[in-house]
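Here's the structure, in structure tokens; my notes come after.
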Amino acid sequence: MLKLLKFEFLRKKTVFLVACIMILLGEAFAVFRYFQIDESVRYFENGNIFALFGGFLAFLFMILYLIDIITLLRQDMFKQEGYMLFMTPFNGYQILGAKVLFALLEGFFIGLIYLLFIFGNAKIMNLTDFEFIFDLGGLDANEIWIIIKILVLGIFSVIDFALTIFLSFALFKSIFTDVRFKGPITFGIFIVINYFKIKISDLVSSLTGNGSAMFYATTNDIVFNSNLHLSLNIGIVYSLVMSALLFAVTGYLLENRINL
Amino acid sequence: MSILINCINLNKKYMSKVALEEFTLKFEAGKIYGILGPNGSGKTTLMKIIADLHKQSSGEITVCGNKPSHETRSKVAYMPTENFIYGWMKVKDSIAFYKDMYADFDMEKALDLMNFMELDLNQKVSSLSTGQRARLKISLTISRRAEVVMLDEPLNGLDPISRTKIKECIIEQFDENSVMILSTHLVTEIEQILDEVVFLGKGRIVLQGRAEDLRFERGKSVEDIYREVFAHA
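In order, the protein sequence lines correspond to chains A and B.
Following this note's numbering, the numbering of the first sequence begins with 36 at its first residue and continues without gaps.
Following this note's numbering, the numbering of the second sequence begins with 4 at its first residue and continues without gaps.
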């Protein structure tokens, strides 16, 4: 498994390097443009500019990350070069596991870079409102638990999402391998899997008396669930069970039914 | 002689197209088999089933006593016709990949072969010529001390010098405890090194036997028998 992980890292080495250089160039350009803005506008709209930048960067990173997760397995399953990986004496579960683990590590790495940029820009823009972030020591045990649970839920959601994409590819390359219109069918499979996932989620929600909803949006406000712990726990268990199911089915298909 | 691959009534269909039909054959250790047939006769499909890259539609197959799986993949060295080596790798990266992934990979042999094939270890795979890529593929594949070695169209698209080099390599590296399967439609080039030949047409075995016996019985070279068998294909 470590060998597979090493291979994934080596493969992405150049992509990471190019992405980092491009992001740094983009950052330099953004900072340059920022200081070109009229000083009075900067004074009054500094928070909004920062929020806009942070939001845009988060969107960009998210898109890049999603594209990368999709290509992670797609390249090996749909290109001839994938034979090189699938001829190795590792079973389908190991190959899949290495990819999921890599996706997680990559997400963690991207998250770190994002935070680095956010803090860096906050410093450049002289924003002091964000100092509370450095004051995590002041959180009580309950708040720390909530943060940990949100992080765990985030991790399982990424795994869940990645596995949904991987399952659509695996289905296409096994059960639906001999059909025409490859692209639309793969996308269709992805939609169908998500549809079932939503249905299951709705079922779980109704069985727990809407306990899984973390917040309710009203016309004026967003109200958090009074029992946030319960909704987070349900979310974590749901993602964990779903990920385990998706992993088992995808691994099985990769190991026993694949036609590359 | 021990049987390393046993195929019983293997069938493979792609939609309505039959790629392999009732294929039954035992492959024994210590022999070089030639799977001969025109394009689309099922040669590659058979090899991919043995290599566990494809699953048969029906029938049974065992490789080194087991059904094809990740376990048998450790005993099968397969060189597909496709450019299967990652383009982003350098030649030395592809060697490192094989060393990492396969316990039976012989590093020393690989380096010797790279030298013999005149391949630059620092050259990127994507920048190699067709001939160089073919030489890299075959070098990596036969650097494994695998029980089953399969080379799919090993001489395709190569210049005469490369062909000679590859043939020399195949003969030199063949291990008596293993089985080697070569698929080709370039029969003349390879018939001297074959122990057994299997003529495959439209997924079925049309003719099969020891190369020497067939030549003796029919008074023809394998190449001529091929022409006779597939005259109307």
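For every residue, glycine included, the Cβ atom is placed at its ideal position computed from N, Cα and C.
**Report entry** Cα-Cα separation between Leu147 (chain A) and Gly189 (chain A), rounded to whole angstroms
**Finding:** If you number the first sequence from 1, residue 147 (chain A) lands on position 112. If you number the first sequence from 1, residue 189 (chain A) lands on position 154. Cα to Cα, the separation comes out at about 14 Å.
Query raised in the report: Cβ of Ile58 (chain A) versus every heavy atom of the ligand MG: is any distance shorter than 7 Å?
Result: Although the ligand MG was asked about, the structure shown includes no ligands whatsoever.
Query raised in the report: Since Asp103 (chain B) is in the beta strand (DSSP E), which residue starts that stretch and which ends it?
Result: Numbered from its first residue, the second sequence carries residue 103 (chain B) at position 100. Not the beta strand (DSSP E): Asp103 (chain B) falls in the alpha helix (DSSP H), residues Val94 to Met104.
Query raised in the report: Apart from the five residues just before and just after Ser61 (chain B), which ones in its own chain have a Cβ nearer than 6 Å to its Cβ?
Result: As a position in the second sequence, residue 61 (chain B) is number 58, starting the count at 1. If we look at Ser61 (chain B) and ignore the five residues flanking it on each side, its Cβ neighbours are Asn14.
Requested in this report: Could you check how far apart the C-beta atoms of Met153 (chain B) and Ile196 (chain B) are, in whole angstroms? I think they sit under 8 Å.
Outcome: For the purposes of this step, residue 153 (chain B) is identified with residue 150 of the second sequence, where counting begins at 1. For the purposes of this step, residue 196 (chain B) is identified with residue 193 of the second sequence, where counting begins at 1. Not a contact, Cβ separation roughly 15 Å.
Query raised in the report: Considering Val209 (chain B), what are the terminal residues of the beta strand (DSSP E) in which it resides?
Result: For this step, residue 209 (chain B) is matched to residue 206 along the second sequence. Judged by DSSP secondary structure, Val209 (chain B) falls within the beta strand (DSSP E) whose first and last residues are Arg207 to Arg213.
Requested in this report: Leaving out five residues on either side along the sequence, give the residues of the same chain with a beta carbon under 6 Å from the beta carbon of Tyr273 (chain A).
Outcome: Looking up residue 273 (chain A) in the first sequence gives position 238. Excluding positions up to five away in sequence, the list reads Val239.
**Report entry** Residue environment, Phe94 (chain A), which counts as buried when at least 16 other CB atoms sit within 10 Å
**Finding:** By one-based count along the first sequence, residue 94 (chain A) stands at place 59. Burial call: exposed.
Query raised in the report: Which of the residues in the segment 102-129 of chain A, read from start to end, lie with their CB under 7 Å from any CB of chain B?
Result: Gln115, Glu116, Tyr118, Met119, Phe121, Met122, Thr123, Pro124, Phe125 and Asn126
Query - Span separating the alpha-carbon of Val232 (chain B) from that of Phe222 (chain A) - result: Numbered from its first residue, the second sequence carries residue 232 (chain B) at position 229. Numbered from its first residue, the first sequence carries residue 222 (chain A) at position 187. Looking at the two C-alpha atoms, the distance is approximately 45 Å.
Requested in this report: Spell out whether any CB of chain B is found under 8 Å from the CB atom of Leu295 (chain A).
Outcome: As a first step, residue 295 (chain A) must be located in the first sequence, where it is residue number 260. With 8 Å as the cut-off, Leu295 (chain A) counts as an interface residue toward chain B.
Query raised in the report: Which of helix, strand or coil does DSSP assign to Lys29 (chain B)?
Result: Counting from one through the second sequence, the residue named residue 29 (chain B) turns up at place 26. Looking at Lys29 (chain B) - three-state DSSP - the assignment turns out to be strand.
Query raised in the report: For Asp155 (chain B), is the classification buried or exposed, using 16 other Cβ atoms within 10 angstroms of its Cβ as the cut-off for buried?
Result: If you number the second sequence from 1, residue 155 (chain B) lands on position 152. Buried is the call here.
Query raised in the report: Between the segment 160-174 of chain B and the segment 130-146 of chain B, are three or more C-beta pairs nearer than 8 Å?
Result: yes
Query raised in the report: Among residues of its own chain, excluding the 5 on either side of Ser288 (chain A), which ones have a beta-carbon nearer than 6 Å to its beta-carbon?
Result: Locating residue 288 (chain A) in the first sequence gives position 253, where the first residue counts as 1. The question names Ser, but residue 288 (chain A) in the sequence shown is Leu. These residues qualify, in order along the chain: Ala205 and Ser209.
Query raised in the report: Run through DSSP, which three-state label would Ile196 (chain B) get?
Result: Walking along the second sequence from the start, residue 196 (chain B) turns up at place 193. Here Ile196 (chain B) sits in helix by DSSP.
Query - Other residues of its chain near Lys127 (chain B): CB distance less than 6 Å, five sequence neighbours each side excluded - result: By one-based count along the second sequence, residue 127 (chain B) stands at place 124. Correct list, in chain order: Lys93.
Query raised in the report: On the three-pair Cβ rule with 8 Å, is the segment 28-47 of chain B touching the segment 280-294 of chain A?
Result: no
Report task. Quick one: residues in its chain with C-beta nearer than 7 Å to the C-beta of Ala63 (chain A), no 5 flanking neighbours on either side, listed in chain order? Result -> One-based indexing of the first sequence puts residue 63 (chain A) at position 28. Here the set comprises nothing.
**Report entry** Own chain partners of Gln59 (chain B) with C-beta closer than 8 Å, once the 5 adjacent residues on each side are dropped
**Finding:** Numbered from its first residue, the second sequence carries residue 59 (chain B) at position 56. Closer than 8 Å at the Cβ level, and outside the excluded window around Gln59 (chain B), lie Leu13, Asn14, Lys15, Leu23 and Ile52.
Report task. Closer than 9 Å, Cβ to Cβ, to anything on chain A: give me those residues from the segment 136-151 of chain B, in chain order. Result -> none
**Report entry** Distance, Arg230 (chain B) Cα to Leu107 (chain A) Cα
**Finding:** Mapped onto the first sequence, residue 107 (chain A) falls at position 72. Mapped onto the second sequence, residue 230 (chain B) falls at position 227. Answer to the nearest angstrom: the Cα atoms are 46 Å apart.
Query raised in the report: With a cut-off of 8 Å, do at least 3 Cβ pairs link the segment 274-286 of chain A to the segment 184-202 of chain A?
Result: yes
Query raised in the report: Short check: CB of Cys172 (chain B) to CB of Ile193 (chain B), under 8 Å?
Result: Within the second sequence, the letter at position 169 stands for residue 172 (chain B). Within the second sequence, the letter at position 190 stands for residue 193 (chain B). No, the Cβ-Cβ distance between Cys172 (chain B) and Ile193 (chain B) is not below 8 Å.
Query - Bridge partners - Phe108 (chain B), DSSP secondary structure assignment - result: On the second sequence, position 105 is the one that residue 108 (chain B) refers to. Partner residues in the beta bridge of Phe108 (chain B), as assigned by DSSP, are B:Arg147.
Query raised in the report: Mind pulling the chain B residues with CB within less than 9 Å of Thr221 (chain A)?
Result: Looking up residue 221 (chain A) in the first sequence gives position 186. The premise fails here: Thr221 (chain A) is roughly 17 Å from chain B at the closest Cβ pair, so nothing lies under 9 Å.
Report task. State yes or no: is the C-beta of Glu82 (chain B) within less than 8 Å of the C-beta of Thr144 (chain B)? Result -> Residue mapping note: residue 82 (chain B) aligns to position 79 of the second sequence, counting from 1. Residue mapping note: residue 144 (chain B) aligns to position 141 of the second sequence, counting from 1. Looking at the sequence provided, one finds Met at residue 82 (chain B) rather than Glu. Yes.
Report task. Assign Thr187 (chain B) to one of three DSSP states: helix, strand, or coil. Result -> Translated into the one-based positions of the second sequence, residue 187 (chain B) becomes position 184. Correct three-state label for Thr187 (chain B): strand.
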